[in-house]
Amino acid sequence: MTTKRPPLSDPTDNLLGYHLRRLSVLIMADLSRSLDSLDLRPTEATVLMEISTNPGITQSRIGKILSIKRANMAPLIAGLVEQGLVETARKDGRSLALTLSARGKRVYKKVISAIAEHEERCFALLGKRERRELTERIRELWQHLDTIESE
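Reminder that position 39 of the sequence shown reads as 644 in my numbering, one-by-one numbering, no gaps.
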């Protein structure tokens with residue numbers, strides 16, 4: 606005779622951080638697949654976005670904006686330069702101003718298109734207003750946690 610077992614209880618069911626982490630993993634996997642055809646990783650695509658929006662920005666500034674460690678920025682930028690996507694020029698005595706090359710500008714347009722499709726696919730269940738509100742709430746939580754961490 607088979608004994609019916611009670612359903613299992615999920616201890617993570619009410620943990621918001623756990624759900625956000627699982628969601629983040631799925632979103633980043635989709636973004637990675639979206640950028641595969643461009644031979645770019647999400648971090649590289651984000652750096653291209655920063656350079657396009659802020660021509661002449663330094664790698665140090667990008668690192669601060671995106672929370673990328675200094676030791677990781679140099680090889681990341683070197684890789685983008687090697688791919689012919691980014692150009693450098695001396696800004697002052699020691700820092701380099703970064704701009705997109707002609708090829709970088711063409712690839713950037715494809716990046717923006719791929720990211721827009723990715724965002725639509727991932728967040729199709731949310732309307733524009735819900736997306737704005739969720740983005741704002743996440744930004745507030747991010748700033749709150751950033752404040753706590755720096756105390």
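For every residue, glycine included, the Cβ atom is placed at its ideal position computed from N, Cα and C.
Distance between residue j and residue i (C-alpha atoms, nearest Å)
i	j	result
Glu655	Gln664	10 angstroms
Cys727	Gly661	32 angstroms
Thr740	Thr608	48 angstroms
His624	Leu731	17 angstroms
Ser672	Asp615	33 angstroms
Leu620	Ile743	16 angstroms
Ala650	Pro611	48 angstroms
Leu628	Ala729	14 angstroms
Thr752	Glu745	11 angstroms
CB of residue i within 8 angstroms of CB of residue j, strictly
i	j	result
Leu705	Leu653	yes
Thr648	Leu681	yes
Leu643	Ala719	yes
Ile667	Met678	yes
Ala694	Ala683	no
Ser637	Arg646	yes
Range covered by the alpha helix (DSSP H) that runs through residue i
i	result
Glu756	No alpha helix (DSSP H) contains Glu756, which DSSP labels as neither H nor E.
Thr648	Pro647 to Thr658
Gln664	Gln664 to Leu671
Ala729	Where Ala729 is concerned, there is no enclosing alpha helix (DSSP H), given that its DSSP letter is neither H nor E.
Pro680	Arg675 to Glu687
Arg626	Leu621 to Asp641
Paired residues, beta bridge with residue i - DSSP
i	result
Thr693	Leu703
Beta-carbon proximity list for residue i, same chain, < 6 angstroms, skipping 5 on both sides
i	result
Lys696	Ala702
Ile757	In the structure as shown, the chain begins at 606 and stops at 756. Residue 757 is therefore absent and cannot be evaluated.
Gly709	Leu690 and Val691
7 angstroms CB neighbourhood of residue i in its chain, flanking five on each side removed
i	result
Asp635	His723, Arg726 and Cys727
Residues near residue i by beta carbon distance below 8 angstroms, same chain, minus five either side
i	result
Lys674	Gly668
Glu754	none
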